[in-house]
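Taking the working numbering, the leading residue of the sequence shown gets 695, the next gets one more, and so forth.
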Amino acid sequence: MITENGVETAFSAADDKAVVLAGDYLNKLSGEAIERECKTKLESGVKELVVDFSQTEIINSIGISILLGVIDTAANSGAKVVFSDLNEESAELFEMLGLTKHVDVVKS
695 MITENGVETA FSAADDKAVV LAGDYLNKLS GEAIERECKT KLESGVKELV VDFSQTEIIN
755 SIGISILLGV IDTAANSGAK VVFSDLNEES AELFEMLGLT KHVDVVKS
């Protein structure tokens, strides 16, 4: 992983996939950095965005709103969004809010 725009990312050109690490607390500040990085990757032609929640303990309502924007931007670009390694609480929240209808959820 490398750090770009304050967000850790990895890119695999072979399969047009970018991995963005969500960090430990997804709020307005970290969410905006993730959103910028995801948009940059989408503009470069990425077809799959993986948001890695392996270190994420808390996601607030603004963070969720920003994730909805990332999902919408990806859909408009023809890209798929994958949420990986959600903790149980976040997975339940995303299910309840309907986010899981628009993304794939995986464990790595």
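All C-beta atoms, glycine included, are put in the ideal place defined by N, C-alpha and C.
Can you list, in chain order, the residues of its chain whose CB lies under 7 Å from that of residue i, leaving out five sequence neighbours each side?
i	result
Glu-698	In this predicted model, Glu-698 has a pLDDT of only 49, less than 50, meaning its place in the structure is not dependable; the value taken from the coordinates is given anyway. Cβ within range, chain order: Glu-731.
For residue i, which residues from the same chain have a beta carbon less than 8 Å from its beta carbon, with the 5 sequence-adjacent residues on both sides left out?
i	result
Ser-784	Phe-747, Thr-750, Ile-753
For a quick check, are the C-beta atoms of residue i and residue j less than 8 Å apart?
i	j	result
Glu-793	Leu-743	The identity of residue 793 in the sequence shown is Leu, whereas the question assumes Glu. Cβ distance not < 8 Å, so Leu-793 and Leu-743 don't count as in contact.
Val-745	Ala-716	yes
Lys-735	Ala-712	yes
Just curious, the alpha helix (DSSP H) that residue i is in, first and last residue?
i	result
Glu-731	722 to 737
Leu-761	755 to 770
Identify whether residue i lies in helix, strand or coil by the three-state DSSP scheme.
i	result
Lys-795	helix
From which residue to which residue does the beta strand (DSSP E) around residue i run?
i	result
Glu-742	742 to 746
Against chain B, does residue i count as a neighbour if the rule is that its beta carbon must be under 8 Å from one of theirs?
i	result
Phe-788	Structure shown: chain B not included; a single protein chain is present.
Contact the stretch 719 to 730 vs the stretch 740 to 758: 3+ CB pairs below 8 Å: Segments in contact, yes.
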